[in-house]
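Since the structure comes first, as structure tokens, the remarks are kept for the end.
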Amino acid sequence: MDLLEQCRIWNENDEYQKIIDAIEAIPESELTPELASELARAYNNAADVEDKEYFEKSVSLLKPYEEYFEGDHCWNFRIAYAYYYLDQEGLALHYFENALEARPGDEDTMEMIKACRSCLACPHFDKSFRERTEEAWAAFVKEEAELRSLMDQKDQEQGGNRILKKCGDILHLAFKDIAFELGFNGTKYELILTPEGDRARLFELVYFRRHVPEPVLEYWNIWVGRQPGHGFGLHRDGWEVSDDEVQVWAEKKDEQNVSLALYCEKLLPLLKEKEEMAWWMLYTLTDQVLGEIPAIAHIYGFEVLKEPKEEQSIILIDLPREMENMGITVYKDADSYLENCYSAYELEPSDDPESDWRLDVFAGATRCIPLLNEYLNNESSVMDAFHKDGAVPGFFCYPTDDFTGEERAKNMLDFRDDLEEAVLEKAGEDAVTFLGGASGLYCGYLDFIAWDLPAVMDAAREFFEAGPTAWGNFHTFRRNVSAVRLYYREEAEAETEE
23 MDLLEQCRIW NENDEYQKII DAIEAIPESE LTPELASELA RAYNNAADVE
73 DKEYFEKSVS LLKPYEEYFE GDHCWNFRIA YAYYYLDQEG LALHYFENAL
123 EARPGDEDTM EMIKACRSCL ACPHFDKSFR ERTEEAWAAF VKEEAELRSL
173 MDQKDQEQGG NRILKKCGDI LHLAFKDIAF ELGFNGTKYE LILTPEGDRA
223 RLFELVYFRR HVPEPVLEYW NIWVGRQPGH GFGLHRDGWE VSDDEVQVWA
273 EKKDEQNVSL ALYCEKLLPL LKEKEEMAWW MLYTLTDQVL GEIPAIAHIY
323 GFEVLKEPKE EQSIILIDLP REMENMGITV YKDADSYLEN CYSAYELEPS
373 DDPESDWRLD VFAGATRCIP LLNEYLNNES SVMDAFHKDG AVPGFFCYPT
423 DDFTGEERAK NMLDFRDDLE EAVLEKAGED AVTFLGGASG LYCGYLDFIA
473 WDLPAVMDAA REFFEAGPTA WGNFHTFRRN VSAVRLYYRE EAEAETEE
């Protein structure tokens with residue numbers, strides 16, 4: 023009897039620790055995908071609900087073999103099960119749906135899908151992002167003096183990893199995943215939180231930075247995004263390029279955006295051998311010259327050329343000045359960018375009253391296009407990222423047929439403004455960030471990110487109960503879950519009569 027067969031017998035007898043001990047004892051070179059999957063199942067089965075380390079171990083064992091086990095029911099069920107108990111129900115739902123596709127009609131899988139959708143419709147967290155932010159900054163206050171001391175040490179080769187780990191442990195109290203850099207500018211220490219090109223991520227990082235305790239700022243600058251500079255050189259895998267060795271052709275696309283085409287003769291061999299690496303080096307260098315926030319805010323298109331254009335070019339180091347000459351008001355920081363990044367949009371509405379929420383929208387405005395696009399495309403990677411950190415992007419929706427008369431349009435907009443003001447006043451500005459709104463054939467919508475969802479929902483429920491509309495709902499920016507009813511007039515009246 024081979025080890026795989028023995029593990030299956032132990033599993034039938036609920037002897038999960040024997041499976042773990044036996045497979046963990048074999049050399050890593052002998053760990054086959056099948057044994058890794060059995061070990062992951064054992065960790066799943068041996069874990070209590072609160073044993074996060076066991077579920078994380080299960081994911082780490084299964085994830086490398088995703089392509090190998092493509093279409094396999096057991097692999098998909100096992101990784102989904104681990105994600106579910108890691109409170110990552112969005113990822114769990116994806117893999118449970120894959121498992122069901124591989125084994126249609128499986129009752130256990132269908133029950134887990136139902137549980138995921140229920141959790142995702144109205145998420146509950148051990149700690150909201152508001153609480154996680156408070157906890158992380160409290161830890162930073164306690165540990166920042168030691169961080170500064172470590173950064174002052176001359177031998178950074180040995181101490182560098184320790185510094186990054188110490189700061190990373192603090193930041194992970196708030197963020198499941200976080201990219202950051204540490205430095206000293208000659209006057210103050212610097213913590214740079216980088217969104218890595220993710221516009222939606224900026225909202226979390228800006229919220230976090232706004233809550234930095236005042237004593238921290240005596241010694242630290244806290245930045246969202248790398249700051250602009252010049253004279254940069256980039257080194258990677260033996261390749262080196264500086265910002266005065268790159269030609270740029272910049273084309274203004276609209277009032278605030280440019281499209282860039284870059285050519286670097288020095289990197290032509292790399293472009294042939296490793297095109298992705300060449301692109302990465304040139305985009306990163308552009309990021310450093312402009313600053314990370316201006317790059318996110320203003321770069322509409324980015325192209326790497328294999329030969330130069332005939333038109334006059336500039337060198338990369340001069341790009342910031344060239345954009346200013348074009349009349350572009352360059353955003354210097356994430357706060358000002360987010361405050362002013364509203365995008366108006368028009369859509370072809372569905373006149374089917376039974377269609378999914380928001381499909382009746384004909385016009386709206388938003389500060390977070392990625393959320394809207396993913397919702398309309400029935401995708402959820404942005405939602406999953408927020409969910410990991412205890413934050414919930416969503417929207418309130420309510421009927422518009424209660425608004426009549428000559429000033430109907432104005433009254434609907436006033437109602438939406440009143441709803442926003444009421445939630446801010448009741449739940450507090452620390453609980454929510456509003457993103458915009460939309461008007462539909464049948465409903466109005468108010469979009470937001472909840473940093474403390476229960477507080478936001480309670481405030482909205484109170485407003486709807488006192489308002490003129492027949493009902494009010496909450497819905498996350500996920501198409502594949504149901505709405506949560508906050509208020510329904512007929513039910514309220516029936517309860518009153520009883």
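If you count by this note's numbering, then the sequence shown holds residues 23 to 520, one letter each, in order. Glycine included, C-beta positions come from ideal geometry on N, C-alpha and C.
- D174 and W473 have their alpha carbons spaced roughly 36 Å apart.
- Spanning the alpha carbons of H233 and E333 requires a straight line of approximately 48 Å.
- Residue nearest to C96 within the set E212, A64, S59, E72 is S59 (criterion: CA-CA distance).
- With a minimum length of 4 residues, the unbroken runs of alpha helix (DSSP H) contained wholly in the stretch 337 to 362 fall at 341 to 347, 356 to 362.
- With 16 or more other Cβ atoms from the protein chains shown falling within 10 Å of its own Cβ, S402 counts as buried.
- Where D474 is concerned, there is no enclosing alpha helix (DSSP H), because DSSP gives it neither an H nor an E.
- With a cutoff of 8 Å on beta-carbon distance, F225 and L215 are scored as not near each other.
- Checking the DSSP bridge columns, you'll see R258 partnered with W261.
- When Cβ pairs closer than 8 Å are counted between the two stretches, the stretch 303 to 319 is seen to touch the stretch 245 to 258, the count reaching three or more.
- Distance from the CA of K164 to the CA of F206, rounded to the nearest whole angstrom, comes to 20 Å.
- By the Cβ rule, the stretch 375 to 393 does not count as touching the stretch 110 to 123, because fewer than three pairs are nearer than 8 Å.
- Secondary structure of G190 (DSSP, three-state): helix.
- The closest CA to that of D357, considering only I336, L369, I318, F324, is found on I318.
- When secondary structure is reduced to three states using DSSP, Y90 falls in the coil class, being assigned neither helix nor strand.
- For L113, the CB contacts under 7 Å within the same chain, skipping 5 residues up- and downstream, are Y105, D406 in chain order.
- When V506, T388, E156 are compared, the shortest CA-CA separation from F418 is found for V506.
- In the DSSP annotation of this structure, the continuous segment of the alpha helix (DSSP H) that includes W32 starts and ends at 25 to 34.
- The beta carbons of L115 and L84 sit no closer together than 8 Å.
- In this structure, L475 keeps its C-beta atom at 8 Å or more from the C-beta atom of E442.
- Beta-bridge pairing by DSSP links G494 to Y509.
- Going by DSSP, P55 is part of no beta strand (DSSP E) but of the alpha helix (DSSP H) stretching over 55 to 68.
- In the three-state reduction of the DSSP assignment, A317 falls in the helix class, which pools H, G and I.
- Between the C-alpha atoms of D423 and Y464 there is a straight-line separation of about 7 Å.
- For secondary structure counted as the beta strand (DSSP E) over 3 or more consecutive residues, the stretch 160 to 230 holds these complete runs in sequence order: 201 to 206, 211 to 216.
- In this structure, G494 sits near L508, with a CB-CB distance shorter than 8 Å.
- Counting C-beta pairs with one atom in each stretch, the stretch 29 to 46 and the stretch 63 to 74 have three or more that are closer than 8 Å, which means they touch.
- Per DSSP, reduced to three states, the secondary structure at T426 is coil, with no helix or strand assignment.
- For secondary structure counted as the beta strand (DSSP E) over 3 or more consecutive residues, the stretch 376 to 463 holds these complete runs in sequence order: 383 to 388, 414 to 421, 454 to 462.
- Rounded to whole angstroms, the gap between the alpha carbons of A196 and F470 is 20 Å.
- In the DSSP assignment, the residues bridged to I244 are L213.
- For K294, the uninterrupted alpha helix (DSSP H) segment begins and ends at 290 to 295.
- In the displayed model, G466 falls within a strand according to three-state DSSP.
- Apart from sequence neighbours up to five positions away, the residues of its chain that approach F456 with a beta-carbon distance below 6 Å are E442, F470, ordered along the chain.
- Under a 10 Å Cβ-count criterion, H497 is classified as buried, with 16 or more other Cβ atoms of the shown protein chains found around its own Cβ.
- Between W242 and L292, the CB-CB gap reaches or exceeds 8 Å.
- Counting only residues of its own chain and dropping the five nearest sequence neighbours on each side, G255 has a CB closer than 8 Å to the CB of E262, V263, S264, D265.
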